[in-house]
Amino acid sequence: MNKQFELICLEELKEPEPFVPIIDLGPKGKKKVVMQTEKSSETNPIEEELKSFVNSIHQNKSPEVDLLSAQKVLQLAIEISEQITVGQN
Numbered sequence: 000m001n002k003q004f005e006l007i008c009l010e011e012l013k014e015p016e017p018f019v020p021i022i023d024l025g026p027k028g029k030k031k032v033v034m035q036t037e038k039s040s041e042t043n044p045i046e047e048e049l050k051s052f053v054n055s056i057h058q059n060k061s062p063e064v065d066l067l068s069a070q071k072v073l074q075l076a077i078e079i080s081e082q083i084t085v086g087q088n
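Residue numbers for the sequence shown follow numbering that gives the first Met the number 0, so the first one is 0 and each next one is one higher.
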């Protein structure tokens with residue numbers, strides 16, 4: 000199976016570029032949103048994340064991704080999605 004996914008990154012905005020989505024991070028400045036298509040591995044990332052979480056419980060260790068980091072990533076994804084939606088209207 001040939002799986003692909005869209006990778007969305009924020010990069011420094013040196014000069015405004017036409018047709019490039021930009022997100023305003025307030026005091027952190029403006030960043031350009033860069034989207035790339037990447038090939039996916041054959042593993043299921045959600046399944047691997049859950050296995051890692053269960054192992055951390057069994058071994059009484061901290062999970063690889065803590066709750067605060069996961070929350071920050073989710074919030075950033077929501078903000079990017081909202082900015083992209085606003086830009087399309």
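By construction, the Cβ of each residue, glycine as well, lies at the ideal position given by its N, Cα and C atoms.
Near residue i, what residues of its chain come up, given a Cβ to Cβ distance below 7 Å and the 5 sequence neighbours on each side ignored?
i      : result
Glu-37 : Gln-3, Phe-4 and Leu-6
Leu-24 : Lys-30
How long is the line joining the alpha carbons of residue i and residue j, rounded to whole angstroms?
i      : j      : result
Ser-51 : Glu-63 : 7 Å
Val-32 : Pro-20 : 5 Å
Lys-71 : Glu-78 : 11 Å
Lys-27 : Asp-65 : 24 Å
Thr-42 : Gln-58 : 23 Å
Glu-14 : Ala-76 : 24 Å
Thr-84 : Glu-48 : 29 Å
Ser-61 : Leu-67 : 12 Å
Gln-35 : Ser-80 : 15 Å
Could you pull out every residue in the same chain whose Cβ sits closer than 6 Å to the Cβ of residue i, ignoring the five residues on either side in sequence?
i     : result
Leu-9 : Lys-30
For residue i versus residue j, is the C-beta spacing smaller than 7 Å?
i      : j      : result
Gln-82 : Ile-22 : yes
Can you list, in chain order, the residues of its chain whose CB lies under 8 Å from that of residue i, leaving out five sequence neighbours each side?
i      : result
Leu-12 : Ile-21, Gly-28, Lys-29, Lys-30 and Lys-31
Glu-16 : Lys-31
What beta strand (DSSP E) runs, 3 residues minimum, are completely inside the region 9-60?
21-23 and 29-38
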